[in-house]
Structure formats: C-alpha cells, structure tokens
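FYI, my numbering numbers position 23 of the sequence shown as 23, with every residue one higher than the one before it.
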Amino acid sequence: MDYVTSGTPYTFQQDSAPAHKAKLVQSWLKKNVPKFWDFNTWPPNSLDLHPCDYFLLGKLEREVCAIHHNIVASLKASIKSEMNKLDPTQVSRPGKVQVSFGVHP
C-alpha cells in the first residue's frame, strides 16, 4: 500500500463485496495494510462508516448510467468524471467518527 499511496497518510475503507471478504484477500490486507481492521470489526449497516456501500456506488450508478455507454473507455471516462465532481465531505465521514469499543465518551 505504501507504493500506491507514495507515503501519503490514508484510511483504507472496505466495502462489503463478497470477494473483498474472501480469506485470501483478508490475509493479504492484514499483511500489507497498517492497522488493518478485518471486515468483522467494522460495524455493519453503518451509513457513517460505509459511505461506499450506502452512498457512493448508488450515486455513481445513477449519474454514470444516465447515458448509454457503447464502449468501456466511455464508461471509465464517465466514472472518473463523476468521481472528480464529488464533494470530498460527502465521503469523509468515516474519518470523523470516533471508535469507542463499548466505552461511552
């Protein structure tokens, strides 16, 4: 992951796709992502902690699929364009949520 991020601080956010929960994937992530939390650690069905599952994918699909794409390049360009239009605050909520692990502030 350091290669991908070039040393820039990041928070790795998983979605709940079955392929991402596979043992092989979880094992790789555990070895390669600092401070990794497996998919069981993330609270399920949390709108605040899972913006990709509950906001981003639906918004992208709605915007990108508003027009028909005949070629993959057109689809990719549309996805990139819509991602660039996103307001970062729309998907930054996980960084603002504090984890208490059963302790109330």
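The beta carbon of each residue, even a glycine, is placed where N, CA and C say it ideally should be.
Predicted, not measured: the structure shown is a model, and the values here were computed from it.
Cβ-based burial, residue i [other Cβ within 10 Å; buried from 16]
{"i": "Q90", "result": "exposed"}
{"i": "V4", "result": "exposed"}
{"i": "V72", "result": "exposed"}
DSSP state of residue i mapped onto helix, strand, coil
{"i": "Q90", "result": "helix"}
{"i": "F101", "result": "Model confidence at F101 stands at a pLDDT of 47, short of 50, so the residue's coordinates are unreliable and nothing is read from them."}
{"i": "G58", "result": "helix"}
{"i": "H20", "result": "helix"}
{"i": "N70", "result": "coil"}
{"i": "L37", "result": "It is Trp, not Leu, that sits at residue 37 in the sequence shown. Coil."}
Beta-carbon spacing of residue i, residue j below 9 Å
{"i": "L60", "j": "E82", "result": "yes"}
{"i": "F12", "j": "F36", "result": "yes"}
{"i": "S78", "j": "E63", "result": "yes"}
{"i": "K31", "j": "D38", "result": "no"}
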